[in-house]
Amino acid sequence: MLVVTTENVPGHQVVQVKGQVFGVVVRSRGIGGNVMAGLRSLVGGEIHEYTQMLEEARRHALDRLVSNAKLMGANAVVMMRFDSAEIGQTMSEIVAYGTAVVLDPPT
43 MLVVTTENVP GHQVVQVKGQ VFGVVVRSRG IGGNVMAGLR SLVGGEIHEY TQMLEEARRH
103 ALDRLVSNAK LMGANAVVMM RFDSAEIGQT MSEIVAYGTA VVLDPPT
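When we follow my numbering, the leftmost residue of the sequence shown carries the number 43, and every step to the right adds one.
Spelled out as structure tokens, the structure:
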């Protein structure tokens, strides 16, 4: 499945718009990770525990977006974006969203 952040795909034409599609993931770091992250935040710099958690959450959100687009009969997603938010102080929500489409074969 082709997933792009652009509106158009060079060499392809959108022949059908299936509609909006998304993948959502909510993650919480365990107590041990929160303690380590808290200690690292005292000295500054990157907090690797949270970086890793958010990278994995983005991959999972993208996987869910692709699965949902396939269920809709799409062969591509255009205008894909990520969004994130905090839920309380311990959870992060990551959303991948875009427009599910059917592209014609390349010319």
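Don't be surprised by glycine CBs; every beta carbon is placed ideally from N, CA and C.
Check, Outcome
"N-terminal and C-terminal residue of the beta strand (DSSP E) that E141 is part of", "Glu is not the amino acid found at residue 141; the sequence shown has Thr there. Note, T141: beta strand (DSSP E), M133 to L145."
"Integer Cβ distance of N110 from G65, believed to fall under 8 Å", "6 Å"
"Nearest residue (CA-CA) to D146, options A127, E91, T47 and V51", "V51"
"Rounded separation between V56 and V144 - CA only", "6 Å"
"Proximity winner among F124, E98 and Q62, relative to S70 (alpha-carbon distances)", "E98"
"N-terminal and C-terminal residue of the beta strand (DSSP E) that M195 is part of", "Outside the displayed range of the chain (43 to 149) lies residue 195, so it cannot be described from this structure."
"Secondary structure of Q62, DSSP reduced to three states", "strand"
"Residues that V45 bridges to, as DSSP identifies them", "V119"
"CB of G61 within 8 Å of CB of A142, strictly", "yes"
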